[in-house]
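Residue numbers (the numbering used here): 714 to 1095. For every residue, glycine included, the Cβ atom is placed at its ideal position computed from N, Cα and C. These numbers come from a predicted model, not from an experiment. Structure record follows, encoded as structure tokens.
So, in structure tokens, the structure goes:
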């Protein structure tokens, strides 16, 4: 239990009052900054300019660091503060409305729209000015009823039933419509869409969860299927909402997801399973936690707090799963042998191999992880 602070005496109350007054001035200036940001947002919407400008943000951060040094301030926390200010500015601009691509509003049906991701996509298309209908198990109108009158049909259902839903709905779409999915596997769903409809087809994979606080800066992978006009429209729509678009072939996507998703989830699951079977209560290990261990705990606990039927299909249906899990097992066995034999030379050779793989990225990783650790310590200290 935290002990109460002793009563302030002497000049301390006066100094604290001065700090409070300065903080009020800082907040008033931040409010004025946001007022100017709103003017910037209106200009960007009118000119069809994207909200985020990476070049401008780098210039701002460099200038604020330089000025901090002139004032005798540590530039690192000042940069951290301004990164948060820039993030808040982007989110504020997005909240004021989105510049939709030119063209008539579309009739968009979200199949599975009562789910979390479907709901997020529905809000996105509404914000872009389109008419959105939801088709789900409990909705008055079914997907089969809505599909023939829809300009765009989005399949946002569990992976296990995605292809069955595609095969059922595909023939109902007009040839001038667009069919797209949002699953984390792309090769087989895209093939199913191309085979089941004469409509335009695009495969997508949002690289963020439905709990994302903002779409700004979030990445979405897009795989071209059929129909250049609709493909261009979809890319413009995503970019207008602040998403970062990665274009890829479906097999290229699936190979990448074997690392980005399967290997990452597999590693987290092994870590969590080993902890659960260690016989050491979580509270006991947390008494000795380092920031790095705490970060791993947060990632693992967050992972296992979610549904097993979400992660199982992602990992089981990727064509590269067997290869990457074998790589993990072999690496774990090799490292275990090195540690058990206390072979420092092999250990250093392993370090050199992996260090060479990361190359110049290590400098960025060191900087960004230091930032994350500092913020974590700030929130959990005491």
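### Query
From residue 714 to residue 999, what does the alpha carbon distance come to, in whole angstroms?
Unreliable positioning characterises residue 714 in this predicted model, as indicated by a pLDDT of 47, which lies under 50. A coordinate reading is not provided.
### Message
If the criterion is Cβ atoms closer than 8 Å, does the pair residue 872 and residue 895 meet it?
### Response
For residue 872 and residue 895, no; Cβs fall outside 8 Å.
### Message
Can you tell me where the beta strand (DSSP E) holding residue 918 begins and where it ends?
### Response
913–919 is the extent of the beta strand (DSSP E) around residue 918.
#### Entry: For residue 889, the first and last residue of its enclosing beta strand (DSSP E)
No beta strand (DSSP E) holds residue 889; DSSP gives it neither H nor E.
### Query
How is residue 872 classed by DSSP in three states: helix, strand or coil?
DSSP places residue 872 in helix when its eight states are reduced to three.
### Task
Look up residue 823 in the DSSP assignment and say whether it is helix, strand or coil.
Residue 823 falls in the strand class under three-state DSSP.
#### Entry: Distance CB(residue 816)-CB(residue 847) smaller than 8 Å
Contact flag unset, no.
### Message
Bridge partners for residue 848 per DSSP, in chain order?
### Response
Partner(s): 824.
### Task
Report the residue from 1007, 1027 and 1050 whose alpha carbon sits nearest the alpha carbon of residue 1085.
Residue 1007 is the option with its Cα nearest to residue 1085.
### Query
How would you write the range of the beta strand (DSSP E) that residue 938 sits in, first residue to last?
Residues 932–939.
### Query
Which word fits residue 970, buried or exposed, when buried means at least 16 other C-beta atoms lie within 10 angstroms of its C-beta?
Its Cβ being crowded by 16 or more others within 10 Å, residue 970 is buried.
### Message
Taking the straight line between their C-alpha atoms, what separation do you get for residue 925 and residue 822?
### Response
Rounded to the nearest angstrom, the gap between the Cα atoms of residue 925 and residue 822 is 22 Å.
### Where residue 714 falls: helix, strand or coil (DSSP)
Below a pLDDT of 50, predicted positions are generally treated as unreliable, and residue 714, at 47, falls in that range; no measurement from the model is reported.
### contact_flag[the segment 1021–1037, the segment 969–983] where n(CB pairs < 8 Å) is 3 or more
When C-beta atoms of the segment 1021–1037 are compared with those of the segment 969–983, three or more pairs fall below 8 Å, so the two segments count as touching.
### Message
Let me check one thing: in DSSP terms, what residues is residue 1038 bridge-paired to?
### Response
In the DSSP output, where bridge partners are listed per residue, residue 1038 has none listed.
### Query
Which residue spans inside the segment 1032–1082 form an unbroken alpha helix (DSSP H) run of at least 4?
The segment 1032–1082 contains these whole alpha helix (DSSP H) runs: 1034–1054 and 1057–1071.
### Query
Using DSSP with H/G/I as helix, E/B as strand and the rest coil, what is residue 786?
In the three-state reduction of the DSSP assignment, residue 786 falls in the coil class.
### Query
Among 953, 964 and 791, which residue has its Cα nearest to the Cα of residue 760?
Of the listed residues, the one whose Cα sits closest to residue 760 is 953.
### Where residue 804 sits in the DSSP three-state scheme
Helix.
### Closest by C-alpha distance to residue 777, when choosing among 796, 1037, 762 and 908
Nearest neighbour of residue 777 by Cα position, chosen from 796, 1037, 762 and 908, turns out to be 796.
### Query
Can you tell which of 979, 923, 918 and 1051 has the C-alpha that lies nearest to the C-alpha of residue 959?
The candidate whose alpha carbon is nearest that of residue 959 is 918.
### Task
Starting from the Cα of residue 800, find the closest Cα among 809, 770 and 789 and give me that residue.
That would be 770, whose Cα lies nearest to the Cα of residue 800.
### Task
Return the first residue and the last residue of the beta strand (DSSP E) that residue 900 is part of.
No beta strand (DSSP E) contains residue 900, which is instead part of the alpha helix (DSSP H) from 900–909.
### Query
Taking residue 857 as the reference, which of 882, 892, 876 and 836 has the closest Cα?
Ranking 882, 892, 876 and 836 by CA distance to the CA of residue 857 puts 882 first.
### Query
Any idea what DSSP makes of residue 928, helix, strand or coil?
Note: residue 928 maps to coil in three-state DSSP.
### Query
Out of 805, 781 and 734, which has the shortest C-alpha to C-alpha gap to residue 669?
Outside the modelled stretch of the chain, which goes from 714 to 1095, sits residue 669, for which no answer is possible.
### Message
I need the straight-line Cα distance from residue 1043 to residue 1049, nearest angstrom please.
### Response
When the Cα atoms are used, residue 1043 and residue 1049 turn out to be separated by approximately 10 Å.
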